[in-house]
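K.L.:
Take a look at the following structure, please.
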Ligand SMILES: *Cc1c(COP(=O)(O)O)cnc(C)c1O
């Protein structure tokens, strides 16, 4: 059994993917081929934003956004304490200071009340200028934008939506990727929409920022690549990856997102009362980048992981360490960044196999193994 079965997905889409890749090779349009523009057009339309600027990976997408806003030394950027390293790494990379914000035990997303308290604390201390909120749509569920947006407005901060895991998620009728002043996603193979290597994209409604992003991703180009008006990056999406993403986007829209939601409901029914299952807020839709359960203790979590592995069921710990405990941040973290809920989650979470291509009985088998383990533990 695979944690995320990309082999089955390829079997389903093989003809279109192979033809798309062959076409790029035949045309030798490896960089900035027409498939890249076509993909950007379709992505912008799907998300409901004016501009999609593809780039080399989800980390660069975040980097590009911070570069557009000239974020740097002396700036405070608020980042959830429970997320993939990139969300905070980019902040330190630009010599700004990440301030870590605690997350909600049910949804794993940033707690708006803790965010506001930390903004106030930074203002009171007076050393850093609060500039940006990196709101992460963790495990596929959009962050709580109806509460985060008013806080951003109240203190004059920008929202950078890190939707690397959130692609396809919604609040009401609005798509993830449209909630930030600038939003980003990743096409790393295991994400909800993944390519066959590295890839990413930036979304925005702002024409001026979009123009700057297009310059920044190609060496700060002016009229052309050899006229350079600012310091930028080399961060493009390969044409081959765009050709792979086009049929995958169609499958994602047509049925994959629905299927992972069906799979999540099934896990919920099978595991309710056995372990703590993830909660999706009323009116929110998740794209289930991960299906993450919680065990009563770290001992249970580690024990279950081993028990499942013995039965050939893969599982993953996302995340093992809260951001504020990462060694890389040792010089920037202060007492403001201690986050109790996030630290506890790191001891108790376990992500189960999740993808749109389960066959009959697979989820039942996984759930049965979890039930057996919990029964054995509780009987001790
Ligand atoms: C994967 C991920 C990224 C980085 O994306 P890459 O394409 O791997 O650079 C950033 N933020 C979050 C929350 C992620 O899960």
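Numbering (this note's numbering), first residue to last: 20 to 399.
All C-beta atoms in this analysis are idealised placements derived from N, C-alpha and C, irrespective of residue type, glycine included.
These numbers were taken from a predicted model, which means no experiment stands behind them.
Express the C-alpha separation of residue 365 and residue 339 in angstroms, rounding to a whole number.
P.N.:
5 Å
K.L.:
Can you tell me the Cβ-Cβ gap for residue 333 and residue 20, rounded? I've got them flagged as a contact below 8 Å.
P.N.:
6 Å
K.L.:
If distances are taken between C-alpha atoms only, which option among 387, 305, 277 and 355 comes closest to residue 292?
P.N.:
387
K.L.:
When you get a sec, list the residues whose CB is within less than 6 Å of any heavy atom of ligand 1, chain order please.
P.N.:
76, 77, 78, 102, 103, 105, 106, 155, 181, 183, 184, 205, 207, 217 and 219
K.L.:
Which of the three DSSP states is assigned to residue 102 in this structure?
P.N.:
Here DSSP, grouped into helix, strand and coil, assigns residue 102 to coil.
K.L.:
Going by CA-CA distance only, name the one from 243, 231, 198 and 182 that's closest to residue 213.
P.N.:
182
K.L.:
In terms of alpha-carbon separation, which member of 45, 25, 51 and 167 lies closest to residue 260?
P.N.:
51
K.L.:
For residue 73, list the residues DSSP reports as bridge partners.
P.N.:
220
K.L.:
What does DSSP give as the partner residue(s) for residue 193 in the beta ladder?
P.N.:
190
K.L.:
Per DSSP, what kind of secondary structure is residue 182 in: helix, strand or coil?
P.N.:
coil
K.L.:
Taking all protein chains shown into account, do 16 or more other C-beta atoms lie within 10 angstroms of the C-beta of residue 275, making it buried, or fewer, making it exposed?
P.N.:
buried
K.L.:
If you check the beta carbons only, do residue 360 and residue 151 fall under 8 Å apart?
P.N.:
Contact flag unset, no.
K.L.:
To which residues does DSSP link residue 330 through a beta bridge?
P.N.:
DSSP lists no partner for residue 330.
K.L.:
Which stretch, first to last residue, makes up the beta strand (DSSP E) that contains residue 150?
P.N.:
Segment 148-155, the beta strand (DSSP E) holding residue 150.
K.L.:
Restricting to runs no shorter than 4 residues, where is the alpha helix (DSSP H) found entirely within the stretch 267-292?
P.N.:
276-290
K.L.:
Would residue 282 pass as a contact of residue 393 if the rule is Cβ separation under 8 Å?
P.N.:
no
K.L.:
If you compare alpha carbons, which of 382, 177, 258 and 244 is closest to residue 228?
P.N.:
177
K.L.:
Going by the beta-carbon positions, is the gap between residue 255 and residue 71 smaller than 8 Å?
P.N.:
no
K.L.:
The beta strand (DSSP E) spanning residue 313 covers which residue range?
P.N.:
310-313
K.L.:
Cβ atoms of residue 90 and residue 134: under 8 Å apart, would you say?
P.N.:
no
K.L.:
Helix or strand or just coil, what does DSSP make of residue 250?
P.N.:
The answer is coil: DSSP assigns residue 250 none of H, G, I, E or B.
K.L.:
Do residue 357 and ligand 2 come close, with the Cβ less than 7 Å from some heavy atom?
P.N.:
Questions concerning ligand 2 fall outside what the structure shown contains, since the ligands it does hold are ligand 1.
K.L.:
Should residue 358 be labelled buried (16 or more other beta-carbon atoms within 10 Å of its own) or exposed?
P.N.:
buried
K.L.:
What separation, rounded to the nearest whole angstrom, lies between the Cα atoms of residue 264 and residue 285?
P.N.:
Rounded to whole angstroms, residue 264 and residue 285 show a C-alpha spacing of 28 Å.
K.L.:
Nearest-angstrom Cα distance between residue 92 and residue 153?
P.N.:
17 Å
K.L.:
Please specify which runs of the beta strand (DSSP E), each continuous and at least 3 residues long, are wholly inside the stretch 331-389, giving them in chain order.
P.N.:
368-371
K.L.:
Answer with buried or exposed for residue 244, where buried requires no fewer than 16 other C-beta atoms within 10 angstroms of its C-beta.
P.N.:
exposed
K.L.:
Work out the CA separation of residue 321 and residue 79 for me, nearest whole Å.
P.N.:
33 Å
K.L.:
So what's residue 245 in DSSP terms, helix, strand or just coil?
P.N.:
For residue 245, the secondary structure class from DSSP, reduced to helix, strand or coil, is coil.
K.L.:
Who are the near neighbours of residue 305 in its chain, counting only those whose CB is closer than 6 Å to its CB and skipping five residues on each side?
P.N.:
159, 160, 188 and 299
K.L.:
If you reduce the DSSP assignment to three classes, tell me which class residue 202 lands in.
P.N.:
strand
K.L.:
What number of angstroms, rounded off, separates the C-alpha of residue 346 from the C-alpha of residue 137?
P.N.:
22 Å
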